[in-house]
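Asks: Just dropping this structure here.
Right under this line is the structure:
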């Protein structure tokens, strides 16, 4: 689990040229374990992080539009059963049924190879059934205190950046996209990104406009962040990723 603190803004101005993005998160800190999965709801103002510890699931719920942590709940993970191309994993509390997690078998997808991340399509908790965001060829999906971030590939392998602001979540419309994708209207889309990797992790770079670059970093220690770097006197903004998952990518 990655708990976030919003970094202070910094001015980037050096003789009319932008400075390079800050270095990747240091690997000397204690590593953070990735969550089981993240369910970013497309039919409710909520985001759920599922952590798994053996047969126990810890579910942390964040609210939209403010990104506040509002609830922690513990479930026991029961048996998994297959049905019509899906896998249903039971969740129980005190021996009683409390919900389930539904995962779509990648072989049922239009393009099975596009499932870089497992397709967790929905969860039911008590009487709430929540549909989860999923994009084909997801390289990284995570969230800050303000927005959900998805880095993915299109069918040609070009990198895409999409953000979904919590502040506008109430007005976002759920949509189906190609290759079985399920999402909402985006707040920002940037195409033709570039990837940099080194011993510390990966960085995805996107040129939003002539003066604005977005850098999404994922350190090997499990920590990550989103940096916005602007030319000239405008301040750069950094937001730590509270949690994220990464896709396996093409073989």
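In the working numbering, the protein residues as written are 75 to 325. Note that beta-carbon positions come from the ideal geometry of N, C-alpha and C, so glycine has one too. Computed from a predicted model, the values in this text were never measured in an experiment.
(1) Whole-angstrom Cβ separation of residue 113 and residue 223, contact assumed at under 8 Å?
(2) Take residue 253 and list the residues in its own chain whose beta-carbon comes closer than 6 Å to its own, dropping the five residues that flank it on each side.
(3) Along the chain, where does the beta strand (DSSP E) that runs through residue 195 open and close?
(4) Could you round the C-beta distance between residue 333 and residue 176 to whole angstroms and report it? I think they count as a contact, below 8 Å.
(5) Shortest alpha-carbon distance to residue 174 belongs to which of 238, 139 and 124?
(6) To the nearest angstrom, how far is the alpha carbon of residue 117 from that of residue 285?
(7) I'd like to confirm the pairing. Which residues does DSSP put opposite residue 237 in its beta bridges?
(8) In the DSSP assignment, find the beta strand (DSSP E) that holds residue 136 and state where it starts and stops.
(9) Which word fits residue 240, buried or exposed, when buried means at least 16 other C-beta atoms lie within 10 angstroms of its C-beta?
(10) If you run the structure through DSSP and keep just helix, strand and coil, what is residue 172?
(11) For residue 142, name the three-state secondary structure that DSSP assigns.
(12) Does the distance from the C-beta atom of residue 197 to that of residue 122 stay below 8 Å?
(13) Can you tell me whether residue 232 is buried or exposed, with buried defined as 16 or more other CB within 10 angstroms of its CB?
(14) Tell me which same chain residues have a C-beta within less than 7 Å of the C-beta of residue 105, skipping the five on either side of it?
(15) Do the CB positions of residue 303 and residue 310 come within less than 8 Å of each other?
(16) Identify whether residue 275 lies in helix, strand or coil by the three-state DSSP scheme.
(17) Using the Cβ count rule (16 or more neighbours within 10 Å means buried), how would you classify residue 227?
(18) Just the C-alpha distance for residue 262 and residue 147, rounded to the nearest angstrom, thanks.
(19) May I ask you to list the residues that DSSP assigns as paired with residue 257?
(20) Reducing DSSP to helix, strand and coil, say where residue 108 ends up.
(21) Quick one: give me the first and last residue of the beta strand (DSSP E) that residue 127 is part of.
Replies: Based on what the coordinates show:
(1) That belief does not hold up - the Cβ atoms of residue 113 and residue 223 are roughly 15 Å apart, past 8 Å.
(2) 184, 185, 188 and 210
(3) 193-199
(4) The requested residue 333 is not part of the displayed model; the chain covers only 75 to 325.
(5) 124
(6) 35 Å
(7) 223 and 262
(8) 130-137
(9) buried
(10) strand
(11) coil
(12) yes
(13) exposed
(14) 295 and 296
(15) yes
(16) strand
(17) buried
(18) 32 Å
(19) 249
(20) coil
(21) 120-127
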